[in-house]
Amino acid sequence: MAQAAYAIGRRYEMGDGVAMQMETAARFYRQAALRGLPEAQHALGFLHATGQGVPRSNELAVSWLQQAAENGHAEAQHNLGVMYAEGRGVEVDYQTAVKWFYQAAINGCGPAREWLESRSDEAITVG
């Protein structure tokens, strides 16, 4: 059920065979996210971060991204790192940001690896 709701939400987000409707996409993503699907948790977090189809809320974005990140979603781990590095919806916490960038890089996220490499001259510790 969660995977089906996510797939429908994705079609509405992309306008794939249906009219693009971000509000409808967000509704289906929420259904799937509440059932624990990391892809949907990430998608809903991203929509909240950008204000597409839902009210913009960095706090809700962090909440959904955190759930997806803890469920092993590499892109969510990267995006959560960005939120901590930039203080969006949370206090700036460089150590937590590095932790999530590191985890995302381990899970194959290129942008997270690039972020870490760009700071290779800095003292980076993962806590």
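Under this note's numbering, the first residue of the sequence shown is numbered 1300, with each subsequent residue one higher.
Note that the Cβ used here is the ideal one computed from N, Cα and C, for glycine as well.
Is it true that the stretch 1327–1339 meets the stretch 1376–1396, where meeting means three or more beta-carbon pairs spaced less than 8 Å apart? At 8 Å Cβ cutoff, the stretches do not touch.
For H1347, name the three-state secondary structure that DSSP assigns. Three-state DSSP puts H1347 in a helix.
If the criterion is Cβ atoms closer than 8 Å, does the pair A1325 and V1353 meet it? The Cβ-Cβ distance between A1325 and V1353 falls below 8 Å.
Residues in the same chain with beta-carbon distance under 7 Å from A1332, minus the five sequence neighbours each way, listed in chain order, please. For A1332, where only same-chain residues beyond five positions count, the Cβ hits under 7 Å are A1339, Q1340, L1343, W1363.
Candidates Q1330, L1346, A1303, Q1302: which alpha carbon is nearest E1312's? Minimum Cα distance to E1312 is reached at L1346.
For Q1351 versus M1382, is the C-beta spacing smaller than 8 Å? Taking 8 Å as the Cβ cut-off, Q1351 and M1382 do not qualify as a contacting pair.
Return the Cβ separation of R1310 and G1316 in integer angstroms, given the expectation that the two are a contact with Cβ distance under 8 Å. At roughly 6 Å, the Cβ-Cβ gap stays under 8 Å, so R1310 and G1316 are in contact.
Cβ neighbours of E1407 in the same chain (closer than 8 Å, five flanking residues each side left out): According to the sequence as given, residue 1407 is Gly; it is not Glu. For G1407, where only same-chain residues beyond five positions count, the Cβ hits under 8 Å are A1373.
Report yes if the C-beta distance between R1334 and A1367 is below 8 Å; otherwise report no. One thing to note: R1334 has its Cβ no nearer than 8 Å to the Cβ of A1367.
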